[in-house]
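Novice: Have a look at this one before I ask anything.
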Amino acid sequence: MQEQERTGKSPRAQSRVGLRDIAEALGISQTAVSFAINDKPGVSDETKRNVKEMARKLGWTPTYAAQALGSSRTMTVGFAPSRSADDYQTESFMLHFMAGAQLALSRKGYGLLFSPCTSLDEEIQVYRDWAKRKRVDAVVLVDLRSNDPRPRLLRELGMPAVLAGGPDPDDIVPSLSIDDSRTMESVLVHLSLLGHQRIAYLSGDSHLDYCMERTKAFESFTSTRGLGPLWVEFTDFDVNKAVAITQRLLVEEEPPTAFIFESETLAAASIRVITEVCVRQSELSGKDGGRRYPYNMPATVSFEDSFICRSLYPSVTAVHRDAGEYGTLVAKLLLKSLSGRPVSGNRKVLTPQLIIRESTRLAAAD
1 MQEQERTGKS
11 PRAQSRVGLR
21 DIAEALGISQ
31 TAVSFAINDK
41 PGVSDETKRN
51 VKEMARKLGW
61 TPTYAAQALG
71 SSRTMTVGFA
81 PSRSADDYQT
91 ESFMLHFMAG
101 AQLALSRKGY
111 GLLFSPCTSL
121 DEEIQVYRDW
131 AKRKRVDAVV
141 LVDLRSNDPR
151 PRLLRELGMP
161 AVLAGGPDPD
171 DIVPSLSIDD
181 SRTMESVLVH
191 LSLLGHQRIA
201 YLSGDSHLDY
211 CMERTKAFES
221 FTSTRGLGPL
231 WVEFTDFDVN
241 KAVAITQRLL
251 VEEEPPTAFI
261 FESETLAAAS
271 IRVITEVCVR
281 QSELSGKDGG
291 RRYPYNMPAT
301 VSFEDSFICR
311 SLYPSVTAVH
321 RDAGEYGTLV
331 AKLLLKSLSG
341 RPVSGNRKVL
351 TPQLIIREST
361 RLAAAD
């Protein structure tokens with residue numbers, strides 16, 4: 001208490017190390033310490049090393065306001081994907097992706113500003129607003145579309161960005177994409193080896209590049225192998241639409257013996273309908289020696305893996321990607337760009353793995 005009265009400062013305030021303390025310890029000016037801490041020109045490399053070493057010894061850490069003021073940076077990365085509110089409640093991939101990105105960003109003192117949008121127009125307006133207010137230093141893009149206006153807009157706004165997915169056909173925004181160019185082929189090889197020839201693919205959004213890439217791979221493989229009849233249906237990631245399509249296909253004269261779903265939520269909702277149909281068929285055909293549930297179910301595969309796929313019965317064969325690691329790698333690419341190092345082009349990372357479960361092990365083709 002006497003010490004507080006003498007100095008006029010609380011013990012907590014006294015424990016906070018500032019640039020002045022570092023300057024006094026080294027016998028140099030506070031300005032020189034500021035230049036060294038922020039890696040600005042005007043001081044020697046030796047001074048920078050000495051200042052950073054003393055800062056470490058004294059336990060100095062930068063305050064957010066001082067760091068932003070000193071570097072003209074917000075230390076914030078923006079993320080404003082346009083998706084429905086339901087997607088964030090049911091889709092685990094994006095949540096793990098954001099967690100991985102934040103992990104990498106926080107190690108460099110950056111935060112992730114998440115601003116979900118309901119449309120592309122809203123997302124574009126968010127970028128304009130961020131640029132006008134200098135709210136973020138850079139942004140992470142996802143879900144590249146055909147004729148996507150966002151890369152060109154961000155270049156016009158002078159806002160650095162990286163793309164998760166792609167590549168950007170105009171090579172404006174550097175990107176990291178998951179190497180799933182052969183993933184559809186792996187899924188179809190697995191199904192065809194089990195004897196399936198009538199396969200339905202319930203895709204996502206026809207405007208998204210990765211959905212179209214998978215669709216092209218599906219059509220190319222099935223055409224080459226002479227499989228058919230085949231179905232490609234776009235659900236727009238709408239669960240109700242996926243269920244309606246599944247119901248319609250199940251009453252075809254020759255229904256699919258296998259279904260491929262774009263996401264685990266589409267698969268889960270559709271499997272419920274499939275189960276209801278197959279249980280009824282099992283009751284009718286069981287007396288005649290026909291296949292009984294669950295062996296009469298069509299095979300199902302999901303292009304996204306999560307606890308949903310593991311928890312369902314039958315458990316769902318799925319394409320597994322480490323979304324957290326993917327987010328970390330994308331964030332590191334952005335940090336590299338922000339540090340001034342050259343970043344360009346597209347790289348593919350994290351080859352997915354097909355996890356075989358009951359939904360294809362139990363189901364056999366006709």
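Residue 1 is where the sequence shown starts when you use the UniProt record's numbering, and the numbers rise one by one after that.
In this text, a Cβ means the ideal position worked out from N, Cα and C, and glycines have one as well.
Just to confirm my understanding: we take Arg-12, look at its own chain, exclude 5 residues before and 5 after, and list those with CB closer than 6 Å. What are they?
Specialist: Model confidence at Arg-12 stands at a pLDDT of 40, short of 50, so the residue's coordinates are unreliable; what they give is reported in the following sentence. Same-chain partners within the cutoff: there are none.
Novice: How is Gln-4 classed by DSSP in three states: helix, strand or coil?
Specialist: Residue placement at Gln-4 is flagged as unreliable, the pLDDT there being 44, under the threshold of 50; the coordinate-derived value follows with that caveat. In the structure shown, Gln-4 sits in a helix (DSSP, three-state: H, G or I).
Novice: By the three-class DSSP mapping on this structure, what secondary structure does Phe-303 have?
Specialist: Correct three-state label for Phe-303: coil.
Novice: Hey, out of Leu-176, Pro-160, Ala-32, Cys-278, whose CA is closest to Ser-210's CA?
Specialist: It should be pointed out that residue 210 corresponds to Tyr in this sequence rather than to Ser. Comparing Cα positions, the closest option is Leu-176.
Novice: Give the list of continuous beta strand (DSSP E) stretches no shorter than 3 residues that lie fully inside the region 114 to 155.
Specialist: Qualifying beta strand (DSSP E) stretches, in chain order: 138 to 142.
Novice: For Lys-332, which of Leu-250, Val-140, Leu-208 has the nearest alpha-carbon?
Specialist: When only C-alpha atoms are compared, the closest one is Val-140.
Novice: With H, G and I counted as helix, E and B as strand and the rest as coil, what does DSSP make of Ala-80?
Specialist: It is coil, neither helix nor strand.
Novice: Quick one: give me the first and last residue of the alpha helix (DSSP H) that Ser-337 is part of.
Specialist: From DSSP, the alpha helix (DSSP H) with Ser-337 extends over 323 to 338.
Novice: Per DSSP, which residues does Gln-353 bridge with? Please list them.
Specialist: In the DSSP output, where bridge partners are listed per residue, Gln-353 has His-320.
Novice: If the criterion is Cβ atoms closer than 7 Å, does the pair Ser-302 and Glu-358 meet it?
Specialist: No, these two residues do not count as a Cβ contact at 7 Å.
Novice: Sorted by chain position, which residues of the same chain lie with C-beta nearer than 6 Å to Ser-203's C-beta, five sequence neighbours on each side aside?
Specialist: Answer for Ser-203: Cys-211, Thr-215, Phe-234, Glu-262, listed in chain order.
Novice: Between Ser-115, Tyr-110, Asp-168, Glu-24, which has its C-alpha nearest Ala-80's C-alpha?
Specialist: Ala-80 has its Cα closest to that of Ser-115, out of Ser-115, Tyr-110, Asp-168, Glu-24.
Novice: When we look at the beta-carbon of Leu-191 and count the other beta-carbons within 10 Å, is it buried (16 or more) or exposed?
Specialist: The residue is buried, with at least 16 neighbouring Cβ atoms inside 10 Å.
Novice: Quick check on Asn-346: does DSSP put it in helix, strand or coil?
Specialist: If DSSP states are grouped into helix, strand and coil, Asn-346 belongs with the strands.
Novice: If you scan the region 151 to 181 from start to end, which runs of the beta strand (DSSP E) of 3 or more residues do you find wholly inside it?
Specialist: Counting whole runs of 3 or more residues, the region 151 to 181 contains the beta strand (DSSP E) stretches 161 to 164, 175 to 178.
Novice: Give me the Cβ distance between Asp-205 and Asp-236, rounded to the nearest whole Å; I'm assuming they're in contact under 8 Å.
Specialist: The pair is a contact, with the Cβ atoms about 5 Å apart (cut-off 8 Å).
Novice: Between His-320 and Ile-355, how many whole angstroms is the CB-CB distance? I'm expecting something under 8 Å.
Specialist: Between Ile-355 and His-320 the Cβ distance is about 5 Å, and since that is below 8 Å, they are a contact.
Novice: Note down, in chain order, each residue of its chain lying with its Cβ closer than 7 Å to the Cβ of Ala-269, except the 5 sequence neighbours on either side.
Specialist: Excluding sequence neighbours, Ala-269 sits near Val-239, Ala-242, Val-243.
Novice: Just reading off the beta strand (DSSP E) that Phe-218 is part of, what are its end residues?
Specialist: Unbroken run through Phe-218 is the alpha helix (DSSP H), 209 to 225; no beta strand (DSSP E).
Novice: Which residues in the same chain as Ala-164 place their Cβ atom closer than 6 Å to its Cβ, once the five residues preceding and following it in sequence are excluded?
Specialist: Excluding residues within five positions, the ones whose Cβ falls inside 6 Å are Val-142, Val-330.
Novice: From Arg-135 to Arg-150, what does the alpha carbon distance come to, in whole angstroms?
Specialist: Each residue's alpha carbon lies about 18 Å from the other.
Novice: Taking the beta carbon of Tyr-295 as the centre, do at least 16 other beta carbons fall within 10 Å, making it buried, or is it exposed?
Specialist: Exposed, by the Cβ-count rule.
Novice: Counting pairs of beta carbons, one from the region 336 to 355 and one from the region 321 to 328, are three or more of them closer than 8 Å?
Specialist: Yes: at least three Cβ pairs fall under 8 Å.
Novice: Going straight from the alpha carbon of residue 434 to that of Leu-188, what length do you get?
Specialist: Any property of residue 434 remains undetermined from this structure, which presents the chain solely from 1 to 366.
Novice: Report yes or no: do three or more beta-carbon pairs, one from the region 36 to 56 and one from the region 13 to 28, lie closer than 8 Å?
Specialist: Touching, per the Cβ criterion.
Novice: Is the region 119 to 131 close to the region 151 to 158, with three or more CB pairs under 8 Å?
Specialist: Taking 8 Å as the limit for Cβ pairs, the verdict is that the region 151 to 158 does touch the region 119 to 131.
Novice: Who are Phe-234's beta bridge partners in DSSP?
Specialist: Its beta-bridge partners are Ser-203.
Novice: Out of curiosity, what's the CA-to-CA distance linking Ile-22 and Leu-58?
Specialist: Rounded to whole angstroms, Ile-22 to Leu-58 spans 8 Å at the Cα level.
Novice: In whole angstroms, what separates the C-alpha of Arg-152 from that of Ile-172?
Specialist: When rounded, the distance between both Cα atoms is 7 Å.
Novice: Assuming Ala-101 contacts Leu-113 under a Cβ cut-off of 8 Å, what Cβ separation, rounded to an integer in Å, is found between them?
Specialist: About 11 Å; that fails the 8 Å criterion.
Novice: Of all the options Tyr-201, Ser-181, Glu-24, Ile-245, which has the alpha carbon lying nearest to the alpha carbon of Val-232?
Specialist: When each option's Cα is compared against that of Val-232, the closest is Tyr-201.
Novice: Should Gly-78 be labelled buried (16 or more other beta-carbon atoms within 10 Å of its own) or exposed?
Specialist: Its Cβ being crowded by 16 or more others within 10 Å, Gly-78 is buried.
Novice: Quick one: Cα of Val-162 to Cα of Pro-298, how far?
Specialist: Approximately 40 Å between the Cα atoms of the pair.
Novice: Contact defined as beta carbons within less than 8 Å: I believe Thr-328 pairs with Leu-103. What is the distance between those atoms, to the nearest angstrom?
Specialist: Sure, about 6 Å apart at Cβ, within 8 Å.
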